[in-house]
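Student:
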Amino acid sequence: MKTEHFAKHNDPGLISRFLRLSEDRRRRMTIEDIRPECRDIHSRIVGLLHEVYGAQRGMRFSKSIHPDGFEFFASVVQELAHLKRKINFLEIGSFEGVSMSVVSALLDAQGILGRLVSIDPYFEDGYQEDHPATGSVRKDSTETTMSAALKLYELLGVDVSLMRVTSDVGLRGLLCADQEFDLIYIDGLHNGMAPTVDFGLSMGLLAEDGVIILDDWPWPDIIGLKALCDQHMQLIAETPDIAAYRRLPER
Ligand SMILES: C[S@@+](CC[C@H](N)C(=O)[O-])C[C@H]1O[C@@H](n2cnc3c(N)ncnc32)[C@H](O)[C@@H]1O
Numbered sequence: 069m070k071t072e073h074f075a076k077h078n079d080p081g082l083i084s085r086f087l088r089l090s091e092d093r094r095r096r097m098t099i100e101d102i103r104p105e106c107r108d109i110h111s112r113i114v115g116l117l118h119e120v121y122g123a124q125r126g127m128r129f130s131k132s133i134h135p136d137g138f139e140f141f142a143s144v145v146q147e148l149a150h151l152k153r154k155i156n157f158l159e160i161g162s163f164e165g166v167s168m169s170v171v172s173a174l175l176d177a178q179g180i181l182g183r184l185v186s187i188d189p190y191f192e193d194g195y196q197e198d199h200p201a202t203g204s205v206r207k208d209s210t211e212t213t214m215s216a217a218l219k220l221y222e223l224l225g226v227d228v229s230l231m232r233v234t235s236d237v238g239l240r241g242l243l244c245a246d247q248e249f250d251l252i253y254i255d256g257l258h259n260g261m262a263p264t265v266d267f268g269l270s271m272g273l274l275a276e277d278g279v280i281i282l283d284d285w286p287w288p289d290i291i292g293l294k295a296l297c298d299q300h301m302q303l304i305a306e307t308p309d310i311a312a313y314r315r316l317p318e319r
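Here the working numbering runs 68 ahead of the position in the sequence shown, where the first position is 1.
1) How many Å lie between H150 and L181 at the Cα?
2) Could you pull the DSSP bridge partners for A305 from this structure?
3) Between M231, R183, A217 and G137, which lies nearest to D309 when the distance is taken from Cα to Cα?
4) Using alpha carbons as the reference points, say which of F141, R112, A311 and M301 lies closest to P317.
5) Can you list the beta strand (DSSP E) stretches of 3 or more residues lying completely in the segment 255-311, in chain order?
6) Whether or not the segment 243-253 and the segment 146-166 are in contact is what I'm after, with contact meaning three or more pairs of Cβ atoms, one per stretch, closer than 8 Å; do they touch?
7) Could you check where the alpha helix (DSSP H) with E322 kicks off and where it finishes?
8) Would you list the one or two residues that DSSP bridges to K207?
9) Suppose you measure from the CA of I290 to the CA of D283; what does that come to, to the nearest Å?
10) Bridge partners of E159, per DSSP?
11) Roughly how many angstroms lie between the CA atoms of D255 and D246, to the nearest whole one?
12) Using a threshold of 9 Å, state whether the C-beta atoms of I160 and D188 are closer than that.
13) From R240 to N259, what distance separates their C-alpha atoms?
14) Whose C-alpha, out of A262, S111 and V144, is nearest the C-alpha of G238?
15) Applying the 10 Å Cβ sphere with the 16-neighbour rule, what's the burial state of I99?
16) Count the other C-beta atoms from every protein chain shown that fall within 10 angstroms of the C-beta of D108, then say buried if there are 16 or more, exposed otherwise.
17) Which class does M127 belong to by DSSP, given the choice of helix, strand or coil?
18) Rounded to whole angstroms, what is the Cα-Cα separation between S130 and V166?
19) Within this structure, are the beta carbons of R314 and D277 separated by less than 9 Å?
20) Among Y195, L220, P200 and S172, which has the Cα closest to the Cα of S209?
21) From the DSSP output, read off the bridge partner residues of L151.
22) Mind checking which residues open and close the alpha helix (DSSP H) that includes M168?
23) Measuring only from the beta carbon, is E159 closer than 8 Å to any heavy atom that is part of ligand 1?
24) So the beta strand (DSSP E) V228 belongs to, where does it begin and stop?
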């Protein structure tokens, strides 16, 4: 894959290099960088995205549909296929439904699609995130966004249970209901204690051999969690801003 690679989380200067990461690196990768057996899935999802959001959006969607992100998720799903069981997927922060669609289509193609759960509050008036480079950014994740994401799932033919609450509430509810997931993607609020709380509660929900994904791991409030994972879990896939770890058996 033609992509910049960073050293480990404890590499000095990593955060500042992440912030200088060239924005066009995704555009430099093409469909040729996606493994051949997954290219039709990729094209199908791009088509559905254009049906829901309009073709004028081009490829201005989340990283999961860009070749580098898509290929990352394809390699995670390939690893999960070795478990030879249905994979229950939990996503914290689904926004326009892009990554949920990518992961569910890839799982389905492997014949291992289990239950799909999304936790996202879809706020009344969007929400604010303090981006480490650009400062406070207002993000538009509202009821309208939710309706479009649900439409996308319907067109894709997948059944997603949406918990329209903040992650702390949703994750505690799932824990109290004795739920378990094989794949958990943490991509909700990236600031303050939220990533740590999401990670801690998610570890209580992660099945044996399950995989946890940290999005935007070089962000200041997430990088320490990556350090923890590097030390105590098995790294199975990584890009300059997403990393996937498998839970090791209990000693
Ligand atoms: C970066 S977007 C997710 C993008 C999506 N995973 C994708 O790749 O297509 C972040 C989402 O997190 C949601 N979010 C923000 N604060 C949250 C919280 N406290 N709990 C759960 N989700 C939250 C937002 O509503 C937004 O939809």
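Glycine included, every Cβ here is placed at the ideal spot set by N, Cα and C. The model shown is predicted, which means the values in this text are computed figures rather than measured ones.
Tutor: The relevant details are as follows:
1) 13 Å
2) A312
3) Comparing Cα positions, the closest option is G137.
4) M301
5) 274-283 and 302-306
6) yes
7) Past the edges of the chain, shown from 69 to 319, lies residue 322, and the structure says nothing about it.
8) Y195
9) 9 Å
10) S186 and Y253
11) 22 Å
12) The Cβ atoms of I160 and D188 sit closer than 9 Å to each other.
13) In this structure, the straight-line span from the alpha carbon of R240 to that of N259 is close to 19 Å.
14) A262
15) exposed
16) Exposed, since its Cβ has fewer than 16 Cβ neighbours within 10 Å.
17) coil
18) 7 Å
19) yes
20) Measuring from the Cα of S209, the nearest candidate turns out to be Y195.
21) The bridge partners DSSP lists for L151 come to none.
22) Element bounds for M168: V166 to A177.
23) yes
24) V228 to M231
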